[in-house]
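Start counting the sequence shown at 271; every next residue gets the next number (this note's numbering). Working notes for the structure below.
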Amino acid sequence: MKILYVAGREQSYSRTRIVLKALEQQGVAVVPCFPPDRSFKHYPKLLWRAMKAAPQVDLILVGFYGQIILPFLRLLTWKPILFDMYITTYDTMVYDRAKAKPGSWKAKLYGLSDWLSYHMSGHSVLETDSHIEFFKRVFRVSGKKLSRIFLAVDDSVIYPRPQQKNSENFLVHFHGEYAPFHGIPYILHAAKLLEKEPVEFQIIGRGITYEADQKLARDLQLTNVRFYDVVPYEELAFMMARADLCLGIFGDNDRVLRVTTNKVVEAIAMARPLLTTRNEPVQELLTHGQSAWLIERANPKALAEAIRQLRRDAELRRRIAEGGYAVFKQHCTVAELGIRFKAIMEGMLS
């Protein structure tokens with residue numbers, strides 16, 4: 271099998287890099303076609319390169335972010351197209367980033383990009399059954415052309431390693447791009463509730479809510495939170511290994527209800543105990559008390575109390591860490607990702 275892999279994000283972007291690695295591990299010959307960075311200005315050249323390469327391949331895989339690219343590819347070639355949709359534009363822009371109100375013309379435009387991509391591809395991939403049900407309901411489609419593939423992380427970098435603590439305190443870890451659905455304000459308020467206890471937090475990353483969250487930290491006069499800028503993936507693994515507990519997502523918008531996120535899968539890949547919001551997508555993969563500790567979203571008191579409970583109970587932390595890692599090995603490795611993608615491609619070609 272020989273495929274053309276076209277994505278809207280650069281090769282170093284996590285989703286692009288991991289899918290590419292997964293396919294190559296499965297013996298799929300891949301012709302890569304990626305932009306040098308995330309700017310839309312590269313798309314015309316990208317489409318020109320893809321059009322020239324398309325006659326030599328069996329199938330085209332359109333990766334993240336492909337909603338703008340895919341309709342043009344469909345007009346330029348009639349090769350089978352598999353769309354790694356991963357997440358929807360509509361859900362991200364309307365329910366997480368609040369760039370448009372539901373029902374507005376702008377929201378409909380975001381939705382149109384998802385709808386067109388779905389109808390112009392032979393098959394599409396989303397990360398959870400919950401997100402598939404959302405897509406079916408919003409866009410009124412049968413879902414026959416949708417498949418679930420759980421998120422995977424690069425397990426050659428993110429893997430269990432001995433804990434190397436650099437503090438006597440209980441270290442709670444979070445990393446991310448400061449998206450609204452991450453709920454960092456709730457983490458900061460929980461840190462305030464725990465400021466007189468031997469608990470400290472490390473928060474890594476930059477993104478949309480960074481400035482507002484920094485202001486909140488100053489207003490709360492937090493002394494038990496350390497902020498770090500974005501670090502290389504390899505260094506992130508070592509920083510996670512120091513932690514006693516890893517955090518997932520805790521925001522109050524509707525997108526929280528439909529995602530698992532990389533940070534959740536990265537925590538279980540590291541065999542670190544995970545604390546995150548209880549939602550349907552997470553519960554497709556993890557079980558409360560067995561492979562993760564799940565709480566209600568947008569509740570700093572519940573978050574602080576869960577951290578207290580897990581700090582006091584080392585056996586509970588060990589149990590959910592081991593259970594989470596067992597789930598990871600079964601469902602979220604690069605090898606499993608490649609197997610699932612290859613099976614869908616073979617089905618499309620047959």
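The beta carbon of each residue, even a glycine, is placed where N, CA and C say it ideally should be.
Euclidean distance between Cα positions of residue i and residue j
i, j, result
"Arg-548", "Met-615", "33 Å"
"Lys-291", "Ala-422", "11 Å"
"Arg-452", "Ser-417", "Before going on, a small fix: residue 452 reads as His here, not Arg. Answer to the nearest angstrom: the Cα atoms are 25 Å apart."
"Ile-419", "Val-495", "35 Å"
"Glu-397", "Asp-354", "9 Å"
"Ala-534", "Leu-544", "A small correction: the amino acid at residue 534 is Val; Ala does not occupy that position in the sequence shown. Between Val-534 and Leu-544, the C-alpha separation is close to 7 Å."
"Leu-623", "Arg-567", "Residue 623 lies beyond the stretch modelled for the chain, which goes from 271 to 620, so this question has no answer here."
"Leu-490", "Thr-531", "28 Å"
"Gln-326", "Lys-311", "26 Å"
"Asp-524", "Arg-319", "38 Å"
"Thr-546", "Tyr-448", "16 Å"
"Ala-613", "Asp-583", "42 Å"
"Leu-346", "Ala-323", "11 Å"
"Ser-620", "Glu-585", "50 Å"
"Val-289", "Val-300", "11 Å"
"Gly-446", "Asp-499", "10 Å"
"Lys-371", "Pro-350", "34 Å"
"Thr-309", "Arg-488", "Note on identity: in this sequence residue 309 is Ser, with Thr being the wrong assignment. Their Cα atoms are separated by approximately 33 Å."
Proximity winner among the options, relative to residue i (alpha-carbon distances)
i, options, result
"Met-321", "Val-276, Phe-611, Ile-577, Thr-358", "Val-276"
"Met-313", "Arg-279, Ala-596, Arg-588, Val-327", "Per the sequence presented here, residue 313 reads as Tyr, with Met not at that position. Answer by Cα proximity: Arg-279."
"Glu-481", "Pro-450, Tyr-503, Val-469, Phe-471", "Pro-450"
"Met-510", "Gly-521, Val-529, Asp-522, Ala-541", "Ala-541"
"Arg-476", "Asp-425, Phe-444, Ala-507", "Phe-444"
"Arg-367", "Phe-353, Ser-437, Thr-479", "Thr-479"
"Arg-287", "Gly-333, Leu-515, Lys-612, Lys-466", "Gly-333"
"Arg-344", "Ser-561, Ser-391, Asn-569", "Ser-391"
"Ile-402", "Tyr-356, Asp-425, Asp-524, Gly-373", "Tyr-356"
"Tyr-429", "Ala-613, Thr-603, Arg-610", "Thr-603"
"Phe-304", "Ser-282, Ala-324, Glu-294, Ala-461", "Ser-282"
"Arg-587", "Leu-573, Ala-605, Asp-499, Ala-562", "Ala-562"
"Glu-536", "Arg-488, Leu-506, Ala-460", "Leu-506"
"Ala-605", "Asp-425, Pro-372, His-558", "Asp-425"
"Ala-574", "Val-529, Ala-461, Asp-499", "Ala-461"
"Lys-406", "Gly-446, Val-300, Asp-361, Asn-569", "Asp-361"
"Phe-508", "Pro-432, Arg-488, Asn-569", "Pro-432"
Short Cβ contact (8 Å threshold) for residue i with residue j
i, j, result
"Pro-341", "Ser-387", "yes"
"Leu-492", "Leu-527", "no"
"Phe-440", "Val-469", "yes"
"Tyr-595", "Ile-519", "no"
"Leu-515", "Leu-580", "yes"
"Lys-378", "His-393", "no"
"Ile-473", "Val-501", "no"
"Gln-296", "Gly-593", "no"
"Leu-316", "Met-618", "no"
"Val-442", "Ile-339", "no"
"Pro-551", "Ser-400", "yes"
"Ile-590", "Gln-560", "yes"
"Leu-293", "Phe-611", "yes"
"Lys-571", "Leu-463", "yes"
Residue range of the alpha helix (DSSP H) that includes residue i
i, result
"Ala-460", "454-463"
"Val-604", "604-619"
"Val-289", "284-295"
"Met-271", "Premise fails: Met-271 is in no alpha helix (DSSP H) and is neither H nor E."
"Pro-551", "550-555"
"Met-355", "Segment 351-356 is the beta strand (DSSP E) holding Met-355; no alpha helix (DSSP H) there."
"Pro-432", "Per DSSP, Pro-432 belongs to no alpha helix (DSSP H) and is neither H nor E."
Residues near residue i in its chain [Cβ-Cβ closer than 7 Å; skip 5 each side]
i, result
"Thr-359", "Gln-337, Tyr-380, Ser-383, Asp-384"
"Pro-455", "Asp-483, Leu-486"
"Glu-504", "Val-427"
"Gln-434", "Ala-511, Arg-512"
The beta strand (DSSP E) enclosing residue i, as first and last residue numbers
i, result
"Trp-563", "563-565"
"Phe-440", "440-445"
"Phe-497", "495-498"
"Glu-470", "469-474"
"Arg-418", "416-418"
Neighbourhood of residue i by C-beta, 8 Å cutoff - its chain only, sequence neighbours within 5 removed
i, result
"Lys-369", "Met-363, Lys-376, Tyr-380"
"Asn-436", "Arg-512"
"Val-395", "Leu-352, Phe-353, Asp-354, Met-355, Tyr-356, Leu-416, Ser-417, Arg-418, Ile-419, Phe-611, Ile-614"
"Phe-471", "Leu-441, Val-442, His-443, Phe-444, Ile-457, Ala-461, Asn-494, Val-495, Arg-496"
Close beta carbons around residue i, own chain, < 6 Å, minus the five adjacent residues each side
i, result
"Asp-307", "Glu-280"
"Leu-331", "Ile-273, Tyr-275, Leu-352"
"Met-271", "Val-298, Asp-328"
"Asp-522", "Ala-568"
Chain D contact for residue i (CB, 8 Å cutoff)
i, result
"His-312", "Chain labels in this structure do not include chain D; a single protein chain is all it has."
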